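As structure tokens, the structure follows; a few thoughts come after it.
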Amino acid sequence: KKQNSSSMGGLKHVASTLRPLAKGLSRALEDNPVASSLCLGCASGCVGDAMAQKAEGLAAFDWRRSLTYVAWTLFVTFVIDLYVYATLFSRWFPHEAADGSKLWRNVAAAIAADSLLLSPLFYFPCFYLFT
């Protein structure tokens, strides 16, 4: 039992140390949405493709391919995520009523619009144009 209590104390210490860092990161992301999206989009595109190239066992790293996926990720981040989902879908399908309650019908409508219209008619054609 002593070992469990000491390891729990260690986890609590780690959590108490990381909590202010996470709050600061969250605040920075909220205060700088465009810069945050740029950084996270570049990082996710590059890291994701690097992992895929490693899994494929390519002899040499293909920088052109990686830059293509970074460009694709940035396009998705700025056009689809920030503009379509955050701006347009928020207007078309507000997910909260004035009293703060969830509007589940609008959430379902947004999912349907994404699945039936946005993805097949916009997202996938754009993906194939990029690749």
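295 is the number of the first residue of the sequence shown in the working numbering; add one for each residue after it.
Cβ atoms here follow ideal geometry from the backbone N, Cα and C, with glycine treated the same way.
For clarity, every value in this text was computed on a predicted model and none was experimentally measured.
Item: Give the straight-line distance between the Cα atoms of P414 and L423, rounded to the nearest whole angstrom.; Value: 13 Å
Item: Let's see if you can read the secondary structure: which residues bound the alpha helix (DSSP H) around S360?; Value: W357 to F369
Item: State buried or exposed for A404, treating a residue as buried only when at least 16 other CB atoms are found within 10 Å of its CB.; Value: buried
Item: Does DSSP classify L323 as helix, strand or coil?; Value: helix
Item: Could you spell out where the alpha helix (DSSP H) holding F421 opens and where it closes?; Value: F418 to F424
Item: How should T371 be labelled, buried or exposed, when 16 other C-beta atoms within 10 angstroms of its C-beta is the threshold for buried?; Value: buried
Item: Kindly indicate which residue of F369, A349 and A316 has the alpha-carbon position closest to the one of C420.; Value: F369
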